[in-house]
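Undergrad: Before I ask anything, let me first share the structure, which is written out below as structure tokens.
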Amino acid sequence: MLNSMAYFEVVFTSFLCVFFGVISNLFYGQININLAKEKRKSYFRQTL
């Protein structure tokens, strides 16, 4: 029982780390995409 609990704990924590890593990557990627769009808009505004 103790071994299975320790195994479950390790799997659960690693899953949480991967999950939060993916979420933060998606989140910051979306922010970077929006920033790039804003930069492109301001760049076009300057050229026009």
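Under my numbering, think of the first position of the sequence shown as 313, with each following residue one higher.
All C-beta atoms, glycine included, are put in the ideal place defined by N, C-alpha and C.
Ordered along the chain, which non-local residues of its own chain (more than five positions away) have a Cβ less than 8 Å from that of residue 343?
TA: Closer than 8 Å at the Cβ level, and outside the excluded window around residue 343, lies no residue.
Undergrad: Could you check the C-alpha separation between residue 330 and residue 322 for me, to the nearest Å?
TA: Taking the straight line from one Cα to the other gives about 12 Å.
Undergrad: Could you tell me the alpha carbon to alpha carbon distance between residue 338 and residue 327, rounded to whole angstroms?
TA: For residue 338 and residue 327, the distance between alpha carbons rounds to 16 Å.
Undergrad: Taking the alpha-carbon positions, what's the residue 358 to residue 318 distance?
TA: Residue 358 and residue 318: Cα-Cα distance of roughly 60 Å.
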